[in-house]
Amino acid sequence: LWDPVNACVKWGCTEDEISYLEERIQYNGRYLTCSFFPKPGRDCPCWKEEKEGSECWDMTDAEDGRCFRGVCYNKGTYESLIKGQRLDTRSPCPGAHDYLFDKRGAYGCQYYCKKRPHEIVDRPDGHQCLDPRTARTGGCRGGYCHKFYSWDV
1111 LWDPVNACVK WGCTEDEISY LEERIQYNGR YLTCSFFPKP GRDCPCWKEE
1161 KEGSECWDMT DAEDGRCFRG VCYNKGTYES LIKGQRLDTR SPCPGAHDYL
1211 FDKRGAYGCQ YYCKKRPHEI VDRPDGHQCL DPRTARTGGC RGGYCHKFYS
1261 WDV
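In my numbering, the protein residues as written are 1111 to 1263.
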C-alpha cells in the first residue's frame, strides 16, 4: 500500500515479525480494526492482520462525535458534558502509525504512542471521533471487519 504521507510502500509482515504492541485497542472486547502495525513507531511499518473470525466493530456507519476523557460522545451529549469542565486538549504523546481511522475520522478516542512501549492513551478532549457504541458487530477477515461475518463457515 502506498503511503503518500511518508512517501513509502507498506507491505504485509512475515509471520515471524516481532510485535512491539503488548495489547491492541478494543472496545467492549472487540477490535476497532482488523489490521495493525506490529512496530508502529517506524515510518514505513509492515502490517499484520488479526486472526480470522476475531470479533470487531465495523465502523462504516458509526456516528460522528467528540472525545471527552477517553470516550466518544455524540455532539449533544458532548456539549452537555463539557459545560463548566476544564478540557484537556493536549496530546499525551505523538501518535504512532495505526489503522484506527478512515476518511470520516478516528475510531474511538484512544491511540498508540509513537515511542516504545507504545502505550494506549486517550485522544485530547474535543478530538473528532467515530463512536464505536454506534458501530455494527462483525468478524475479521483479510484484515478488514465484516459486519455480516459468519462464524459457521
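C-beta atoms are modelled at their ideal positions from N, C-alpha and C, and glycine is treated no differently.
All of these numbers come straight from a predicted model, not from anything done at the bench.
Separation of R1243 and D1174 (C-alpha to C-alpha, rounded to the nearest whole angstrom) is 11 Å. The C-beta separation of D1168 from G1248 comes to about 4 Å, placing the pair in contact by the 8 Å criterion.
Each of E1189, A1172, T1124 and Y1217 was checked against the Cα of K1158, and the nearest Cα belongs to T1124.
As computed with DSSP, H1256 is found in a beta bridge with G1249. Under the three-state reduction of DSSP output, Y1222 falls in the strand class. Cβ contact annotation for Y1217 (same chain, cutoff 7 Å, sequence separation greater than five): L1142, T1143, M1169, L1210, F1211, L1240 and P1242, in chain order. For W1121, the CB contacts under 6 Å within the same chain, skipping 5 residues up- and downstream, are C1156 in chain order. Bridge partners of C1239 according to DSSP: G1175.
Comparing alpha carbon positions, the residue from D1235, E1189 and H1207 closest to R1134 is H1207. G1236 sits close to F1178, with the two beta carbons spaced by under 9 Å. In the three-state DSSP reduction, Y1209 falls in the coil class, being neither helix nor strand. In its chain, beyond the 5 residues on either side, E1165 have a beta carbon closer than 8 Å to the beta carbon of G1139. Nearest Cα to R1233 within the set I1128, R1176 and T1187: R1176.
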